[in-house]
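Chemist:
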Amino acid sequence: MPSASESSPAPGARPARRVRQEPGGPLLIEGPVEVVTEDGTKRSDRPVVALCMCRRSRAFPWCDTSHRRRAAPASATSGQRPAQ
Numbered sequence: 001m002p003s004a005s006e007s008s009p010a011p012g013a014r015p016a017r018r019v020r021q022e023p024g025g026p027l028l029i030e031g032p033v034e035v036v037t038e039d040g041t042k043r044s045d046r047p048v049v050a051l052c053m054c055r056r057s058r059a060f061p062w063c064d065t066s067h068r069r070r071a072a073p074a075s076a077t078s079g080q081r082p083a084q
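Right under this line is the structure:
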């Protein structure tokens, strides 16, 4: 079991952020986050930020779920018809 010093942030310290990579999807960053884009625009109005990792998003760097529209796997398009 972690000691109190390992489980509690130091006084005045910022809380840790959780960053999670969704398989085949975006990078999710939880907590108040300030994102600064290439043009210097700052966004910090979201409790969870989903950053695009596939570069297909029309709202890049934000994820717009474009990764869901990928082509079907080769096995699904092998030309076989479903059994009747």
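Residue numbers for the sequence shown follow full-length UniProt numbering, beginning at 1 and rising by one. Yeah, the Cβ is synthetic: ideal placement off N, Cα and C, and Gly gets one too.
I'd like to confirm the pairing. Which residues does DSSP put opposite A50 in its beta bridges?
Modeler: For A50, which the question treats as bridged, DSSP gives the partners L28.
Chemist: Name the DSSP beta bridge partners of R20, please?
Modeler: Paired residues: L28.
Chemist: Per DSSP, R43 is paired with what?
Modeler: For R43, which the question treats as bridged, DSSP gives the partners V35.
Chemist: So, at 7 Å on beta carbons, what are the nonlocal neighbours of E38 in its own chain, with the 5 sequence-adjacent residues on each side left out?
Modeler: Around E38: no qualifying Cβ.
Chemist: Give the C-beta separation of V49 and K42 to the nearest angstrom, bearing in mind that I take them to be a contact with Cβ-Cβ under 8 Å.
Modeler: V49 to K42, Cβ: 12 Å. No contact.
Chemist: Closer than 7 Å by C-beta to P26: which residues in its own chain qualify, once you throw out the five before and the five after it? Chain order, please.
Modeler: Cβ neighbours of P26 beyond the five flanking positions: A50, L51, C52, M53, C63.
Chemist: Inspect the beta-carbon positions of R14 and E30 and report whether they are closer than 8 Å.
Modeler: No, these two residues do not count as a Cβ contact at 8 Å.
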